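Written below as structure tokens is the structure these notes are about.
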């Protein structure tokens, strides 16, 4: 039992250290992506989107997993509040990307686009779930109009990503 506990703590420490994320104030790498909104193909370029307001980029492990479905629904429920604050929400994943068209309709409620990301985006945003893995972790960034990370939140529990990022976006609106 003691050996299992020690191994578990060591594995957690390695995973936590490998997931450094981008820090508040860092410049968000530009990205151009293809994805889906409401089942329809869409294109997205971060630098273009930022001319209209901040972007909330939430990375999630995989379409059609329980936590990711819950997180997608929470962002969809709050989309009116994000719109009112002038922010665009996008979902990004490297898992089950072949099912994003249907996921964008069933779990995102057509409210915002979802995109598959490649190794370059995973590495640029430091969102790999675990070293050597293919999937993205659950990390949310709020990117301000100057392309800076204004907020980031990393937690595998999906329940607070939408609410915390909405608070951050609303805070940006009051400081501008």
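Residue numbers (our numbering): 185 to 360.
C-beta atoms are modelled at their ideal positions from N, C-alpha and C, and glycine is treated no differently.
Please read these numbers as outputs of a predicted model, since none were measured by experiment.
Looking at residue 338 and residue 326, is the spacing between their C-beta atoms short of 7 Å?
-> Your numbering for residue 326 matches position 142 in the chain shown. Your numbering for residue 338 matches position 154 in the chain shown. If you check the CB distance, residue 326 and residue 338 do not come in under 7 Å.
Buried or exposed: which applies to residue 341, given that a residue is buried once 16 or more other Cβ atoms fall within 10 Å of its Cβ?
-> As a working note, residue 341 is residue 157 in the chain shown. Exposed is the call here.
Which class does residue 331 belong to by DSSP, given the choice of helix, strand or coil?
-> Taking the chain shown and counting its residues from 1, the one referred to as residue 331 is at position 147. Coil, per DSSP.
Apart from the five residues just before and just after residue 248, which ones in its own chain have a Cβ nearer than 7 Å to its Cβ?
-> Here residue 248 refers to the residue found at position 64 of the chain shown. Only residues of its own chain outside the window of five on either side were considered, and among them 280, 283 and 287 have a CB closer than 7 Å to the CB of residue 248, listed in chain order.
Could you tell me whether the Cβ atoms of residue 239 and residue 290 are closer together than 7 Å?
-> The residue labelled residue 239 in the question sits at position 55 within the chain shown. The residue labelled residue 290 in the question sits at position 106 within the chain shown. Cβ atoms of residue 239 and residue 290: not closer than 7 Å.
For the alpha helix (DSSP H) containing residue 230, list its first residue and its last residue.
-> Counting from 1 along the chain shown, the entry for residue 230 is found at position 46. Per DSSP, the continuous alpha helix (DSSP H) segment holding residue 230 begins and ends at 230-233.
Taking residue 350 as the reference, give the member of 262, 308 and 319 with the closest Cα.
-> As a first step, residue 350 must be located in the chain shown, where it is residue number 166. Nearest neighbour of residue 350 by Cα position, chosen from 262, 308 and 319, turns out to be 262.
Whose C-alpha, out of 237, 275, 214 and 236, is nearest the C-alpha of residue 254?
-> Locating residue 254 in the chain shown gives position 70, where the first residue counts as 1. With distances taken between Cα atoms, residue 254 lies closest to 275.
Starting from residue 240, trace the beta strand (DSSP E) both ways and give me its first and last residue.
-> Residue mapping note: residue 240 aligns to position 56 of the chain shown, counting from 1. First-last of the beta strand (DSSP E) with residue 240: 239-243.
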